[in-house]
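Report on the following structure.
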Amino acid sequence: MAMPFSNEAEQSVLGAMYLDRDCIPDVLGKVRGEDFYISRHRELFEAMVELYNLGTPIDLVTLKEHLTLRGTLEKIGGISFVVEVANLVPSTDSAAYYAGIVKDKAVGRRLIHMADEIRGKCYRGNEETDDILATAQQEMINISQDRSSRGLIHIGRYLDESLETLEILSKKSDVVTGIPTGFIDIDRRTSGLHAAELIILAARPAMGKTSFALNIAQNVAVKAKKNVAIFSLEMPGIQLANRLLSCEAKINSEKIKKGNIKDDEWGKIGNAIAVLAQAGIYVDDTSSITVGEIGARCRKLMLDKGLDLVVIDYLQLISGSSRGANRQQEITEISRTLKILANDLNIPIIALSQLSRASDKEKREPILSDLRDSGAIEQDADMVIFLHRDGYYHEDAEEPNKAKCNFAKHRNGEVGYEYLTWIGEYTMFTDWSGEHAM
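For what it's worth, the UniProt record's numbering labels the leading residue of the sequence shown as 1, then goes sequentially.
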């Protein structure tokens, strides 16, 4: 079976470029040289693009000279081939449309090549299935991004969108313009969780970062009625469910863990289960999962049910897909891919992160340089929040239940501190101020 391509579309693009250089920017917004299937079409396309970029006229004389210098004049069939394609083009006004056909055929060929490569790897059997899946998923992302690249867009279009958003927001009295976290002071600082944001929540062990992330997920799903995907790489799903149940029922987490429930507490348990069962919370507790698999499962949930927020606990447990790469390179790839995923799905992603041991040894608040394994985490993140409880380190702390949220990086807002109350018996946080605390 022949590879998909359109000889007519490829030649029409070339003819239009030759006859009307003004259409070249539109063409370049659609295709590259590698998208042409016929080699001489590709050679002629690249030669005309080079002349265009040099500001040189595109005619028979300049093309003949340039193709000769490139050593490709005979390869394309001589200068007569240029005349041939120029005579074939139906309309230069449709150049971008023809280019779109060329692009679609090129995408089809890439998909076929990818499928052949995957099939070969599966037959050979010398690679882990998870690695093959991750590679395939990443290639699908690459193909999709290449196909959907929008190129340069005049600022006016974004200004129109901005004005529409402002008009909507101006009619709201609420300061939260994104998805509310359920924490008043945090929502005041962030205006909620916004689309395409990668939010890093980092802390040393036992600070409560998993609890905090689950509190946000629960608030988003139960109160804001949004769909949340939780990838729990460290905690089994049943333990996670028990955490949520403790928070919702306001029953000591140890009692739920041990089944030590009093008669008058079963009603609370039943009510909490009813609430959580109706919430859009989806849990994946696969302990060894790649970033490609996370992306694929998020995309599927987005298509099947809709998806508004992703929580990943935690980033350093995600398996890398690059063979032979060191851990720093893997974390860099994982961090970058999560940011791309947030952009592609247009939803916020909260990724929990470990810190280096320096802050723990020194019993101090963490700083950006404490982010473990890669500086790319800080670079890719739109927001970095450090969670710290001084009461964990110092028994004589004046406010042992006070938790500090340090917004160390905030791309779209101000850095600074907000505070929460830690309620250990329910493994949950509440607002710090006495007015809103439990």
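No residue lacks a Cβ here, since even glycine has one placed at the ideal position from N, Cα and C.
In this text, all values refer to a predicted model and were calculated from it rather than measured experimentally.
For the options Thr-337, Asn-401, Ser-369, the alpha carbon positioned closest to that of Asp-380 is the one of Thr-337. Residue nearest to Ala-99 within the set Thr-421, Arg-327, Ser-6 is Ser-6 (criterion: CA-CA distance). For Ile-294, the enclosing alpha helix (DSSP H) starts and ends at 291-304.
Take the alpha-carbon of Pro-4 and the one of Thr-68: they are about 30 Å apart. Just so you know, the alpha carbons of Ala-296 and Ala-241 end up roughly 23 Å apart. For the pair Glu-34 and Glu-10, the Cα-to-Cα distance works out to about 12 Å. Measuring C-alpha to C-alpha distances from Phe-407 to each of Glu-365, Tyr-97, Ile-143, Asp-396 identifies Glu-365 as the nearest. Bridge pairing for Glu-418: Cys-405 [DSSP]. Taking C-alpha positions only, Ser-91 is separated from Ala-16 by approximately 7 Å. Taking the C-beta atoms as reference points, Leu-233 is found no nearer than 7 Å to Leu-301. Within the DSSP bridge table, the entry for Ser-319 names Thr-290 as partners. Judged by DSSP in its simplified three-state form, His-194 adopts coil rather than helix or strand. With respect to the C-alpha of Val-310, the residue from Ser-80, Ala-221, Lys-262 having the closest C-alpha is Ala-221.
Per the DSSP secondary-structure output, Tyr-282 pairs in a beta bridge with Ala-229.
Nearest in C-alpha terms to Glu-418, of all of Gly-424, Ala-403, Tyr-393, is Ala-403. Per DSSP, the beta-bridge partners of Met-428 are Ile-423. The DSSP-derived three-state label of Val-31 is coil. DSSP, read as helix, strand or coil, puts Leu-387 in strand. Leu-201 carries a strand assignment under DSSP once its states are collapsed to helix, strand and coil. C-alpha of Ile-199 to C-alpha of Ala-279: approximately 23 Å in a straight line. With respect to the C-alpha of Leu-51, the residue from Lys-250, Ile-24, Gly-413, Glu-74 having the closest C-alpha is Ile-24. Tyr-18 and Ile-79 have their C-alpha atoms roughly 12 Å apart. Residue pairing of His-410 in beta bridges, as defined by DSSP: Met-383. Val-89 carries a coil assignment under DSSP once its states are collapsed to helix, strand and coil. Taking C-beta separations shorter than 6 Å and ignoring five residues to either side along the sequence, the partners of Lys-209 in its chain run Leu-201, Ala-203, Leu-352, Leu-387, following chain order. In this structure Thr-190 is buried. Its beta-carbon is surrounded by 16 or more other beta-carbon atoms within 10 angstroms. If the five residues before and after Gly-413 are omitted, its C-beta is found closer than 7 Å to the C-beta atoms of Arg-189, Thr-190, all from its own chain and listed in chain order. Straight through space, the alpha carbons of Tyr-282 and Lys-223 are spaced by roughly 16 Å. A straight line joining the alpha-carbon of Glu-378 with that of Ile-334 spans about 13 Å. Rounded to the nearest whole angstrom, the C-alpha separation of Ile-385 and Leu-355 is 12 Å. The three-state reading of DSSP puts Asp-160 in helix, counting H, G and I together.
The C-alpha of Asp-22 lies about 59 Å from the C-alpha of Met-235.
Per DSSP, reduced to three states, the secondary structure at Ser-353 is strand. In the DSSP assignment, Ile-238 falls within the unbroken alpha helix (DSSP H) covering 237-249. For the pair Ala-272 and Glu-248, the CB atoms are nearer than the 7 Å cut-off.
Between Ala-217 and the set Lys-103, Ala-342, Pro-205, Ile-230, the nearest pair of CA atoms involves Ile-230.
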